[in-house]
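Sequential numbering from 1 applies to the first sequence in the UniProt record's numbering.
This report concerns only the one structure given below.
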Amino acid sequence: MEAYENESKKGFWNAEEDSVLTNYVKKHGTGKWNRIPKVTGLKRSGKSCRLRWMNYLTPDVKRGEFSEEEEDLVVRLHSLLGNRWSLIAGRIPGRTDNQVKNFWNTHLSKKLGVVDKKKKKRKASSKERSGEGDGEKLWSDDLMELGNMHEEIIRDDFGCSFSFPNISVFDLCTSPYCTQSFHHSFFAL
DNA sequence: AATGGTCACAACCGCCAGTTC
DNA sequence: GGAACTGGCGGTTGTGACCAT
1 MEAYENESKK GFWNAEEDSV LTNYVKKHGT GKWNRIPKVT GLKRSGKSCR LRWMNYLTPD
61 VKRGEFSEEE EDLVVRLHSL LGNRWSLIAG RIPGRTDNQV KNFWNTHLSK KLGVVDKKKK
121 KRKASSKERS GEGDGEKLWS DDLMELGNMH EEIIRDDFGC SFSFPNISVF DLCTSPYCTQ
181 SFHHSFFAL
């Protein structure tokens, strides 16, 4: 195990590695990710294999741009759930948590005026500039709008064509995914 | 055409919770 | 009960592509 960890390769996957991983999953199914390097000889960690499969190789994963409906859904669910990408992705068929997270960080945060602190930091370090930060809006501020979203969501029942047309805040809060802390934070508003 | 800045996205890292022994 | 292992998650980084100068 440690030997595999030590010599595990990093960086982008090539077609051959994808093929090995795909064949393994087809044969053995998912789970037991740490067995994959041992069984297949892949020089990747179990974690890396899992991530590659979940985010890229899974047959039902959608590629390409987010549709308007998906975008709308991400905005609404993010307002409701915050940065719980896996929960959000779970409500958007064919999209992974990584896709949703990237989409939010690159497109929506910009569109909605939520400044990406990471990018800000990068920009700042590259340009050594100061005195900026206008319009900064943290996601916690989004949560402050939750009350409004709550009403809106219930009103239109996510009027879109996905597989959960009747989702409501109640559904989310009673789902097994909804944690106690979320109950507290949501109903405290 | 060359160069530097920015964007978009795949992948890694660190932490945590659940499971097994 | 607790240590070790494993899988999952969110945050962050690395890098190729694209764009502006």
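Glycine residues also receive a C-beta, built at the ideal position from the N, C-alpha and C atoms.
Less than 7 angstroms between the C-beta atoms of LEU81 and LEU87, yes or no?
On the first sequence, residue 81 is found 81 positions in, with the first residue counted as 1. On the first sequence, residue 87 is found 87 positions in, with the first residue counted as 1. LEU87 sits close to LEU81, with the two beta carbons spaced by under 7 angstroms.
When DSSP labels each residue in this structure, what does ILE92 get in the three-state scheme?
What you label residue 92 is simply residue 92 of the first sequence in a count that begins at 1. In the three-state reduction of the DSSP assignment, ILE92 falls in the coil class.
With DSSP as the reference, label LYS9 as helix, strand or coil.
Here the question's residue 9 lines up with position 9 in the first sequence. It is coil, neither helix nor strand.
Leaving out five residues on either side along the sequence, give the residues of the same chain with a beta carbon under 7 angstroms from the beta carbon of TRP13.
Here the question's residue 13 lines up with position 13 in the first sequence. Taken in chain order, the residues that qualify are ARG52.
Which two residues bound the contiguous alpha helix (DSSP H) that contains GLU17?
As a position in the first sequence, residue 17 is number 17, starting the count at 1. Per DSSP, the unbroken alpha helix (DSSP H) holding GLU17 starts and ends at 15–28.
Please check the pair LYS62 and GLY94, which I expect to be a contact at CB under 8 angstroms, by giving their CB distance rounded to whole angstroms.
Here the question's residue 62 lines up with position 62 in the first sequence. Here the question's residue 94 lines up with position 94 in the first sequence. Your pair LYS62 and GLY94 checks out as a contact, with CB atoms roughly 3 angstroms apart and the cut at 8 angstroms.
Taking the beta carbon of PRO59 as the centre, do at least 16 other beta carbons fall within 10 Å, making it buried, or is it exposed?
Residue mapping note: residue 59 aligns to position 59 of the first sequence, counting from 1. Taking all protein chains shown into account, PRO59 has fewer than 16 neighbouring C-beta atoms within 10 Å of its C-beta and is therefore exposed.
Determine the DSSP secondary structure at ARG76, reduced to helix, strand or coil.
In the first sequence, counting from the first residue as 1, residue 76 sits at position 76. The answer is helix: DSSP assigns ARG76 an H, G or I state.
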